[in-house]
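Following: one structure in structure tokens, then a few remarks.
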Amino acid sequence: MASSGQANRTQRVAAFFVVGAVLLAGIAWAVYHAQSTIGAGETRLCALPDDARSAKPGMAWIPDGQFLIGGKVYPEEGPISARSVKGFWMDRTEVTNAQFAAFVKATGYITRAEKPVDVRAYPNLPTDMQKPGAVVFTMPTDLRGGGDLTQWWRYRPGASWQHPNGPDSGIQGKEAHPVVAITYDDALAYAQWKGHDLPTEAEWEWA
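Each step along the sequence shown adds one to the number in numbering that gives the first Met the number 0, with nothing skipped, and position 122 is 121.
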């Protein structure tokens, strides 16, 4: 039987990964927003008339295709199965701070990292993690922790897309940098504001 100290530590680590996973997932999906990807369509672009390609500047056309999705490394990745994907458009670059700022200015949107934390959903959160914030990359000084992700990523109160490294940081001069510290829901709201959508898992894998 684990001691109370060990149990509390386990709860804190579990809560950290829950919050971190949500925020990191949001960052990843934001990068691939609005039927978009980071130029991955370069290798799959099919021939399109110039007028058709210019109709969606900054986007790449991903043609129809079939491929195998899944893996054998982790149980949750299986089983491997065949998927068919219809052609779609994807952005060539990440969502920038400037683009996301335009969305926030137009809609008044508030991201998950800027909202109060629902402590009822996570009753055993440490005090700092009960405050609005986001997971921030921190360069470790001691790598003896092995697979402990907390040596790389730490929850920082006050961190958000406007303050990517914490409350004392900002995005001035970084308008062209990719937006960070947003969740899947934040990314979806942005994409829908643009009249687009987020890619499905199959579309993402295919692109």
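Every residue, glycine too, gets a C-beta built ideally from N, C-alpha and C.
{"Asked": "DSSP state of Pro78 mapped onto helix, strand, coil", "Found": "coil"}
{"Asked": "Nearest residue (CA-CA) to Val182, options Ala101, Gly165, Thr110, Val135", "Found": "Sequence inspection shows Thr at residue 182; the Val mentioned does not correspond to that position. Minimum Cα distance to Thr182 is reached at Thr110."}
{"Asked": "Straight-line Cα distance separating Gly77 from Tyr31", "Found": "Model confidence at Tyr31 stands at a pLDDT of 41, short of 50, so the residue's coordinates are unreliable; what they give is reported in the following sentence. Whole-angstrom Cα-Cα distance: 23 Å."}
{"Asked": "The segment 158-169 touching the segment 127-145, judged by at least three CB pairs closer than 8 Å", "Found": "yes"}
{"Asked": "Residues bridged to Phe136 (per DSSP)", "Found": "Trp152"}
{"Asked": "Terminal residues of the beta strand (DSSP E) in which Trp60 lies", "Found": "58-61"}
{"Asked": "Beta-carbon gap between Pro177 and Thr95 smaller than 8 Å", "Found": "yes"}
{"Asked": "Opening and closing residue of the beta strand (DSSP E) in which Leu67 lies", "Found": "64-68"}
{"Asked": "Cα-Cα separation, Lys193 to Pro62", "Found": "22 Å"}
{"Asked": "Inter-residue Cα distance where the pair is Lys104 and Gln171", "Found": "16 Å"}
{"Asked": "Tyr73, buried or exposed, once every other Cβ within 10 Å from all chains shown has been counted against 16", "Found": "exposed"}
{"Asked": "Trp192: first and last residue of the uninterrupted beta strand (DSSP E) it sits in", "Found": "From DSSP, Trp192 is part of no beta strand (DSSP E) but of the alpha helix (DSSP H) over 183-192."}
{"Asked": "Straight-line Cα distance separating Trp152 from Gly57", "Found": "32 Å"}
{"Asked": "Helix, strand or coil at Thr95 [DSSP, three-state]", "Found": "strand"}
{"Asked": "Trp88 - containing alpha helix (DSSP H), residue span", "Found": "Careful: Trp88 lies outside any alpha helix (DSSP H), inside the beta strand (DSSP E) at 87-90."}
{"Asked": "C-beta atoms of Ile68 and Glu204 nearer than 8 Å", "Found": "yes"}
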